[in-house]
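Chains as they are written, first to last, in our numbering: chain A, 355 to 830; chain B, 355 to 830.
The structure under discussion appears below in the form of structure tokens.
Protein chains: 2
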Amino acid sequence: MPPPTPIEPKVTEQPSAEAKAAPVAFRFRCISCGDLSDAAVQNFRCSRCGDLLEIIHPSWVSGASAPAASDLKASWKQRRSSLSPVDLSGVWRFRELLPALENLHHVISLREGNTPLYALPRCSRLTGLPHLFAKHQGMNPTGSFKDTGMTVAASFARQAGFRWVACASTGNTSASMAAYAARGGLRSLVLVPEGKISWSKLSQSLDYGAVTCQLRTDFDGCLRLLQELVLRAPVYQLNSINPFRLEGQKTLAFELLEQLDWQPPDHIIVPGGNLGNSSAIGKALLEMHDLGLIVRLPKLSIIQAEGANALVRTMRETGGKHLISVQAETHATAIRIGNPASWKKAVRVLQATGGTCEQVSEIEIAQAKAEIGAEGIGCEPASAVTLAGLKKLLKRGFVKPEESVVLVLTGHLLKDPGFTMDFHRGDLFPVAGSDGEENGASAALQSLRRPPIVLDATLEAVIGALEQGEKSSPEN
Amino acid sequence: MPPPTPIEPKVTEQPSAEAKAAPVAFRFRCISCGDLSDAAVQNFRCSRCGDLLEIIHPSWVSGASAPAASDLKASWKQRRSSLSPVDLSGVWRFRELLPALENLHHVISLREGNTPLYALPRCSRLTGLPHLFAKHQGMNPTGSFKDTGMTVAASFARQAGFRWVACASTGNTSASMAAYAARGGLRSLVLVPEGKISWSKLSQSLDYGAVTCQLRTDFDGCLRLLQELVLRAPVYQLNSINPFRLEGQKTLAFELLEQLDWQPPDHIIVPGGNLGNSSAIGKALLEMHDLGLIVRLPKLSIIQAEGANALVRTMRETGGKHLISVQAETHATAIRIGNPASWKKAVRVLQATGGTCEQVSEIEIAQAKAEIGAEGIGCEPASAVTLAGLKKLLKRGFVKPEESVVLVLTGHLLKDPGFTMDFHRGDLFPVAGSDGEENGASAALQSLRRPPIVLDATLEAVIGALEQGEKSSPEN
């Protein structure tokens, strides 16, 4: 045996560049009354009018010290070949456009971001859109887009000296929060609606050591309770009301544009639940445009499930002026939210980018999910609203066949295996509807089902299954 | 609305460098009789003696055209900032050390590899090992290490013109194969043991459109049947008997060493099931050593579940000369294999690197899994045998406290949420055993459980849960 040679692997190295540069100042601004402040109270609401806060960088606004687009692109590219954990993060790699920590040693990272941009050849044929792509945020460490925001907000919680963090969740936020809390040596408290989140997501918060409370209410009830709690106990609030979360989620757009060599697509389509993600992506697009990183704005559109269509109704019935809450019900549990916290931010994004919103049925979601799966790309039901919605936007003429479209997939297939099992075994949507359109959807749906077959372990049985599979081939 | 400007995103670009260089010749060599051949029959067994084949690069062996280590390192680093899909793959980025396709357009990729190397500060304190890391292959696109091998083997299947691919699986292989087949426009046939794989894994092969047969037998029975099938039908065999799979899995080691700036750790510890992964990592270490990429060999050790300990018994009872098959039974379903196909390759790796093998109990696996989870890193039970085994290797003195250790985590937490739920709710290992050691394990185990709490949606109830959580804090 050779003598032991302890090494200090380079993964613990200092970040490659500018790590010790002076932090960029940031401030909180109320999205309603515009009040500016250097600190936020614990519920992250304006102390004057109670509305949500956003983070702004006054030095950019004044134009005094806005970073040069070419410098940013060069730094970000260079960091891709660095070995430092901060540079390896697909979030902190873009730190010039994030609120600055006092010290990068506060960063809690699981190597989030760096998610793939996939071409979708089958869905391209299906929709007649040659330039169709999926940005898959389900490839984040805990399986959802939440990680990109959580790394930023959890790092600020640690910097502020908190011992406990908490969130209300339909499952993905709690999984992400519990992981980042554990990673950063913090304790976490999870509030989820009893019986309404997938087992897979619940198993994550347990595994990462969170105190997990299943409350006898819905998501909106969990969120209300959390907002009271953080004013009464020394617990840091990690819902998407927390504007640091949205800052981290902006990086999806930075990374996407980098992957497209800074050529903006015509459309970006996002699922709409609590509306933090669309708000964040929209903010990023506007900032990139202001800073000259892109020369024109993609249209950002938001798709909701028919059973959780608060934004769609808000836009159609009030022109975006007043929130119309709904009683949310959909199999796409990640967007089963009736009272979306970030609705005002989302409305502004739709208006600023020229995007639209749309709603899709449960059958349309299931069909779209199976069509994405047939590309070899697994996602959870909420992600599939993007493809289902795209079909409607094409029909409406809002998206044109020659335009380029990026669908944002927000969660991994493994986040909700029960939906997939129920769909393929025929437990979901078992009977065709009575009207023409529903029958059509069901026929298309039936052709996508691949129920598992139980067989004796004989060559004859397996060859029989193979021959049957050949007959039911998508090309036949 | 601005006029539509169709773009061709750069993701479809040609690979950055050397893509059109002459392919490196490779040959098949029988691991027993040494017979060399340019082609393999469909069951990937030696046509003379029936044993397994491995892929070799004769030009390196002769020394005539071995690539220079410094050139390789520079190319691989440069590709990390490329936007080409082939370079973005954590497998094909290392293509100089893989069998060459006739044309890189055959590559089927889901952006596999590029997995994180995590420090494990809590487990370091627990074990007294300051230099302890986890290489998390569960962060691959379908959630397991299988993707790194599948991208290579599926690409060769497509190049060879096959329409169908097939595998026998405990779940992870089938998920991966179904995804890559779908991605590459191929059909796939999956043979899994009925009732013995997790729902999550089953849902993946359904979602990706595979013909999924649940056979009334165990994994070993599925594999036997598959080997007959591929001799009778035009179906490409994608089990790890297929040596292209192992070539792709080598890249774990290339990537790991690059992350460690080419400073080899003292130990790499891998779970042992069918033993393809340990064989592949070992082959990569030996090749890197031969090519001068590393100056000394890490010891590669293999950990099995007590209930599926064929390799452990083979080493202890025959010195690695004859396989002792077992009737496999363990909750770590990904390694529930009694008759490991690649046992001979694994024995050679143990001998060549000076590694060892060890077995761990079901309780030790559950405890190690919860300890890894408490780091904010989720893995499936089979992955956790590495930490459980490390503790035993430390006790045996085989690993020394000052040595550096990398644990290979092979699957994501979301691959088997049922295990996690059952563990935390107390359905697994509910009662402490009667002898002293088992009681000890159970006490440690109890302290790791975090059962979910069902509560009324009131502030008082939640504050109560928070206070209770504070008392049960790991630090108390």
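For every residue, glycine included, the Cβ atom is placed at its ideal position computed from N, Cα and C.
Just so it is clear, the structure is predicted and the values come from calculations on it, not from any experiment.
With K431(A) as the anchor, note down where its beta strand (DSSP E) starts and where it stops.
What you label residue 431(A) is simply residue 77 of the first sequence in a count that begins at 1. Run containing K431(A): none in the beta strand (DSSP E); it sits in the alpha helix (DSSP H), 423 to 433.
Identify every residue that forms a DSSP beta bridge with A659(B).
Numbered from 1 along the second sequence, position 305 holds the residue referred to as residue 659(B). Paired residues: V714(B).
What residues in its chain sit with their C-beta under 6 Å from that of R779(A), if we drop five residues either side in the sequence?
Looking up residue 779(A) in the first sequence gives position 425. Closer than 6 Å at the Cβ level, and outside the excluded window around R779(A), lie P805.
Is the beta carbon of K555(B) less than 8 Å from the beta carbon of S528(B)?
For the purposes of this step, residue 555(B) is taken as residue 201 along the second sequence, with counting starting at 1. For the purposes of this step, residue 528(B) is taken as residue 174 along the second sequence, with counting starting at 1. Yes, the Cβ-Cβ distance between K555(B) and S528(B) is below 8 Å.
Identify, in the order they occur along the chain, each residue of the same chain with its Cβ nearer than 6 Å to the Cβ of L782(A), setting aside the five sequence neighbours on each side.
Your numbering for residue 782(A) matches position 428 in the first sequence. Once the five neighbours on either side are set aside, the close Cβ partners of L782(A) are D776.
Out of K653(B), A811(B), V649(B), C521(B), which one is the CA nearest neighbour of V589(B)?
Along the second sequence, one-based indexing puts residue 589(B) at 235. Closest option to V589(B), Cα to Cα, is C521(B).
Relative to the alpha-carbon of R383(B), which residue among G404(B), I410(B), G539(B), Q396(B) has its alpha-carbon at the smallest distance?
Taking the second sequence and counting its residues from 1, the one referred to as residue 383(B) is at position 29. Closest by alpha carbon: I410(B).
Look at T764(B) and A659(B) and say whether their C-beta atoms are less than 8 Å apart.
If you number the second sequence from 1, residue 764(B) lands on position 410. If you number the second sequence from 1, residue 659(B) lands on position 305. No. Outside cutoff.
Under the three-state DSSP convention, the category K850(A) falls into:
Since the first residue shown for chain A is 355 and the last is 830, residue 850(A) is missing from the structure and cannot be characterised.
Quick one: complete beta strand (DSSP E) runs, 3+ long, within the stretch 437 to 518 of chain A?
471 to 473, 486 to 490
Of the residues S632(B), A511(B), P547(B), A514(B), which one's Cα is nearest the Cα of C576(B)?
The residue labelled residue 576(B) in the question sits at position 222 within the second sequence. Per the Cα distances, P547(B).
Would you verify that the beta carbon of T668(B) is, or is not, closer than 8 Å to some beta carbon of chain A?
Here residue 668(B) corresponds to residue number 314 of the second sequence, with the count starting at 1. No, no contact with chain A.
Measure the alpha-carbon distance for I551(B) versus I462(B) and round it to whole angstroms.
Along the second sequence, read from residue 1 onward, the residue named residue 551(B) stands at position 197. Along the second sequence, read from residue 1 onward, the residue named residue 462(B) stands at position 108. Using only the alpha carbons, I get a separation of about 26 Å.
Is C567(B) close to chain A, meaning its C-beta is less than 8 Å from at least one C-beta of that chain?
One-based indexing of the second sequence puts residue 567(B) at position 213. So, interface residue.
Based on Cα-Cα distance, which residue from L647(A), P625(A), I635(A) lies nearest to V739(A)?
Residue 739(A) sits at position 385 when you count from the first residue of the first sequence. For the options L647(A), P625(A), I635(A), the alpha carbon positioned closest to that of V739(A) is the one of P625(A).
Checking 8 Å against the spacing of the C-beta atoms, do I595(B) and S632(B) come in under that value?
In the second sequence, counting from the first residue as 1, residue 595(B) sits at position 241. In the second sequence, counting from the first residue as 1, residue 632(B) sits at position 278. No.
Residues in the stretch 756 to 790 of chain A with C-beta within 9 Å of chain B's C-beta atoms, listed in sequence order?
E756, E757, S758, V760, H766, L767, L768, K769, D770, P771, G772, F773, T774, M775, F777, H778, R779
Beta carbon proximity, G661(A) to chain B, threshold 8 Å:
Mapped onto the first sequence, residue 661(A) falls at position 307. No Cβ of chain B is located within less than 8 Å of the beta carbon of G661(A).
Might you give, ordered along the chain, the residues of its own chain that have their beta carbon closer than 7 Å to the beta carbon of T684(A), omitting 5 neighbours on each side?
The sequence position of residue 684(A) within the first sequence is 330, counting from 1. Spatial neighbours of T684(A) in its own chain (CB-CB distance under 7 Å, excluding positions within 5 residues in sequence) are listed in chain order as A659, G661, A662, R690, E716.
When you compare the CB of T687(B) with every CB in chain A, is at least one pair closer than 8 Å?
Walking along the second sequence from the start, residue 687(B) turns up at place 333. With 8 Å as the cut-off, T687(B) does not count as an interface residue toward chain A.
For Y590(B), which of helix, strand or coil comes out of DSSP?
Counted from its first residue, the second sequence places residue 590(B) at position 236. Reduced to three states, the DSSP call for Y590(B) is strand.
Name, please, each residue of chain B whose Cβ falls closer than 8 Å to the Cβ of K431(A).
Position 77 of the first sequence, counted from the first residue, corresponds to residue 431(A). Per Cβ cutoff of 8 Å: S435.
Could you tell me which residues DSSP pairs with L614(B) in its beta bridges?
As a first step, residue 614(B) must be located in the second sequence, where it is residue number 260. L614(B) pairs with nothing; no bridge assigned.
Classify R650(B): buried if its beta carbon has 16 or more other beta carbons within 10 angstroms, exposed otherwise.
Counted from its first residue, the second sequence places residue 650(B) at position 296. With fewer than 16 Cβ atoms within 10 Å of its Cβ, R650(B) is classed as exposed.
Taking 8 Å as the threshold (beta carbon to beta carbon), is R447(B) in contact with chain A?
One-based indexing of the second sequence puts residue 447(B) at position 93. Chain A, which has no Cβ nearer than 8 Å to the Cβ of R447(B), makes this no.
Chain-ordered chain A contacts of M493(B) [CB-CB under 7 Å]:
In the second sequence, counting from the first residue as 1, residue 493(B) sits at position 139. Chain A residues near M493(B): P495.
Between the stretch 613 to 625 of chain B and the stretch 635 to 649 of chain B, are three or more C-beta pairs nearer than 8 Å?
yes
Mind checking which residues open and close the alpha helix (DSSP H) that includes V544(A)?
Reading the first sequence from its first residue, position 190 is the one you call residue 544(A). Element bounds for V544(A): not the alpha helix (DSSP H) but the beta strand (DSSP E), 541 to 547.
Run through chain A and tell me which residues come within less than 8 Å of A811(B), C-beta to C-beta.
Counting from one through the second sequence, the residue named residue 811(B) turns up at place 457. Per Cβ cutoff of 8 Å: L569, R570, T571, G575, C576, L579.
Any idea what DSSP makes of C576(A), helix, strand or coil?
The residue labelled residue 576(A) in the question sits at position 222 within the first sequence. Of the three classes helix, strand and coil, the one that applies to C576(A) here is helix, per DSSP.
For the candidate residues G538(A), A634(A), L540(A), whose alpha-carbon lies nearest to that of A700(A)?
Here residue 700(A) refers to the residue found at position 346 of the first sequence. Minimum Cα distance to A700(A) is reached at A634(A).
Which runs of the alpha helix (DSSP H) at least 4 residues long sit entirely within the stretch 640 to 691 of chain A? Give them in chain order.
664 to 672
Span of the beta strand (DSSP E) holding H411(A)?
Taking the first residue of the first sequence as 1, we reach residue 411(A) at position 57. Careful: H411(A) lies outside any beta strand (DSSP E) and carries neither H nor E.
Which residues in chain B sit within 8 Å of L556(A), going by Cβ to Cβ distance?
Here residue 556(A) refers to the residue found at position 202 when the first sequence is read from its first residue. P771, M775, P806, listed in chain order.
Throw me the rounded Cβ distance for the G692(A) and L452(A) pair, which I believe falls under 8 Å.
On the first sequence, position 338 is the one that residue 692(A) refers to. On the first sequence, position 98 is the one that residue 452(A) refers to. About 31 Å separates the beta carbons of G692(A) and L452(A), which is beyond the 8 Å limit, so they are not a contact pair.
Nearest chain A C-beta to L665(B) closer than 8 Å, yes or no?
Along the second sequence, one-based indexing puts residue 665(B) at 311. For L665(B), no Cβ of chain A is located within less than 8 Å of the residue's own Cβ.
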